[in-house]
Amino acid sequence: MIVETLVPLQAMILALVAVAAASVALCRSPLRQILLSGVYGLLLVVLFVVLQAPDVALSMLVATTVAYPLVVLVAIARTGARRPDGDEERQR
Amino acid sequence: MNFLAFGVAGWICLVGFYGAIVSENLIHLALCLTVIQSSTYVLLLSIGYRTGGGAPIFKGVKLGTTSVDPVVQALALTDVVISVTVIALILALALDAHNDAGTVDPDELAEFHG
Amino acid sequence: MTRRRIRGAVAVPALGVVGAVVFWGLSGLPSFGDYHGQYGRLINDVALPERHTTNAVTATVFDYRGLDTLGEEFILFAAVTGVVLLLRKSGRRGVDAAPKDRVTSDALRLFGMLALAGGVLVGLWLAAYGYVTPGGGFQGGVAIASAFALLYLAAGYRAFARRTSEEALDPLEATGAGGFAVVGLAALISGLPFLANLLGPGQPSTLFSGGSIAFVNWAAAIEVAAANTILFKAFLEQYIVPLAAARSRR
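Chains as they are written, first to last, in numbering that gives the first Met the number 0: chain A, 0 to 91; chain B, 0 to 113; chain C, 0 to 249.
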């Protein structure tokens with residue numbers, strides 16, 4: 000990749016990653032948060048590819064799109080996560 | 000560019016800590032921990048980056064072309080896979096707490112006496 | 000004021016102070032792209048001639064920094080042991096109590112079968128060619144475990160539980176974790192340094208390169224795949240068994 004074309008790409012992806020991280024951390028409902036975390040993980044995969052790290056990108060890809068949602072969704076389903084405005088998503 | 004790369008890593012870490020501090024749900028807390036961990040990956044890979052460097056894979060690439068640092072990539076890649084199981088352990092603890100106390104709110108759990 | 004607001008109000012100035020120190024520290028780093036480390040440069044130059052692996056990162060993970068990876072594998076082992084202690088139900092109550100949730104959509108079953116086969120093949124390929132192209136034992140292991148999770152989605156919990164029995168997975172995980180240590184110790188016993196290469200170097204860019212790296216790579220792949228499958232199964236059991244109990248109560 001030519002250096003001149005890489006820098007704006009890196010800058011854009013870093014800015015997107017910063018915004019996505021803030022949205023994941025500040026979101027209050029765990030169900031929405033795991034969806035945002037999937038998007039955040041995919042943005043991180045793009046960032047790692049742009050920083051010339053394909054191995055890390057591969058491991059982040061499988062971990063954040065399959066492994067994390069599976070365990071977190073089971074935990075959410077079992078604990079009946081509550082929305083902050085008082086509605087209950089599911090009670091078991 | 001310099002400040003952007005490292006600044007984003009620092010920002011992700013701080014915002015993850017803030018999310019963990021004001022969390023009202025243990026599952027939300029576990030996901031904020033993943034955000035904090037991801038800030039370390041961004042920092043490591045930004046430190047190891049070399050301008051004009053390619054990936055440290057030399058299949059079909061002449062030995063001696065500029066490449067980024069492979070050591071920080073090795074650290075980050077094992078960490079990503081291991082953190083899945085560690086977060087799963089934290090979630091298992093949260094499920095256990097829910098079985099005992101009926102809630103996953105850290106404030107309510109703090110008041111729960113055995 | 001709710002507790003959350005109080006905590007937020009206290010956290011912001013505290014994080015501001017911490018953030019100032021962090022950013023002050025980060026400003027002292029060499030500028031982005033200006034990498035001076037000698038170790039990385041050395042490994043890039045030496046990995047292909049010495050170990051005949053074209054992937055310098057895998058050579059670092061499994062050979063040059065193999066001791067760190069051994070520690071990480073034992074972290075994985077300990078974490079999965081913790082999850083199993085907390086969540087696993089004793090006996091076969093889990094599978095027999097599971098509801099008969101046959102997947103009735105043919106399209107889902109067909110797609111699931113094809114995707115499962117493709118996923119396992121891709122995972123095996125990532126693990127096998129880990130030291131030639133980007134990939135490795137860790138990535139391939141998680142990919143294989145994710146393909147097995149697809150089995151639950153496409154075929155129901157009973158099919159998934161029957162094929163991922165604890166009697167098969169627990170020894171596999173232990174073999175992976177122990178295999179790493181055994182390959183390293185085998186070198187130590189014969190008087191060489193830990194994890195020294197015991198086989199010949201091999202042809203670069205083929206499967207027969209890297210020597211001991213190949214065995215250690217496969218040990219890591221087996222351990223990560225088995226550990227993640229155990230994890231998925233323990234969590235899915237937590238989800239399925241109360242469903243069955245609720246259904247039988249109705």
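A virtual CB, placed ideally from N, CA and C, is assigned to each residue, including glycine.
Reduced DSSP secondary structure (H/G/I, E/B, other) of residue i
i: B:Gly53; result: strand
i: B:Ser66; result: strand
i: C:Gly36; result: coil
i: C:Ser208; result: strand
i: C:Asn54; result: strand
i: C:Arg248; result: helix
i: A:Cys26; result: coil
i: C:Phe214; result: helix
i: C:Leu41; result: helix
i: C:Asn196; result: coil
i: A:Val58; result: Reading the sequence as shown, one finds Ser at residue 58 of chain A and not Val. Residue state, collapsed to three classes: helix.
i: B:Val80; result: helix
i: C:Lys232; result: helix
i: A:Pro83; result: For A:Pro83, the predicted model reports a pLDDT of 45, less than 50, meaning its position is unreliable; a value from the coordinates is still stated below. Three-state DSSP puts A:Pro83 in coil, outside helix and strand.
i: A:Val38; result: helix
Nonlocal neighbours in the same chain, by C-beta distance under 7 Å from residue i, ignoring five residues either side
i: B:Gly15; result: Cys31, Val34, Ile35 and Ser38
Cut-off 6 Å between Cβ atoms - residues of its own chain near residue i, not counting five sequence neighbours on either side
i: B:Ile89; result: Ala29
i: C:Gly140; result: Ala220, Val223 and Ala224
i: A:Arg82; result: The predicted position of A:Arg82 is uncertain, since its pLDDT is 43 and thus under 50; a value taken from the coordinates is nonetheless stated next. Taken in chain order, the residues that qualify are Ser28.
Which residues DSSP lists as bridging residue i, in chain order
i: C:Gly201; result: C:Ser208
beta-carbon residue i near the ligand ATP non-hydrogen atom, thresh 8 Å
i: B:Pro55; result: Ligands are entirely absent from the displayed structure, and the ligand ATP is therefore not among its contents.
Extent of the continuous alpha helix (DSSP H) run through residue i
i: C:Val9; result: Arg2 to Leu25
i: C:Arg161; result: Tyr156 to Arg162
i: C:Pro170; result: Glu165 to Ile188
i: B:Tyr17; result: Asn1 to Ile20
i: C:Leu84; result: Gly65 to Leu86
i: B:Ala29; result: Leu25 to Ile46
i: C:Ser30; result: No alpha helix (DSSP H) contains C:Ser30, which DSSP labels as neither H nor E.
i: C:Tyr130; result: Segment: none, C:Tyr130 is in no alpha helix (DSSP H) and carries neither H nor E.
i: A:Arg77; result: Tyr67 to Thr78
i: B:Ala109; result: Pro105 to Ala109
Proximal residues to residue i (C-beta, below 8 Å), its chain only, five neighbours per side dropped
i: B:Ser45; result: Ala4, Phe5 and Ala8
i: A:Leu13; result: Leu46
i: B:Glu120; result: Given a span of 0 to 113 for chain B in the structure shown, any question on residue 120 of chain B remains unanswerable.
Any chain D beta carbon closer than 9 Å to residue i
i: B:Gln36; result: Within the model displayed, chain D is absent; protein chains A, B and C are what it includes.
Exposed unless 16 or more other CB atoms sit within 10 angstroms - verdict on residue i
i: A:Asp86; result: Note on A:Asp86: pLDDT 43, under 50, position unreliable in the model; the coordinate value appears next. Per the 10 Å Cβ criterion, exposed.
i: C:Arg64; result: buried
i: C:Gly136; result: buried
i: B:Asn98; result: exposed
i: C:His51; result: buried
i: A:Leu60; result: buried
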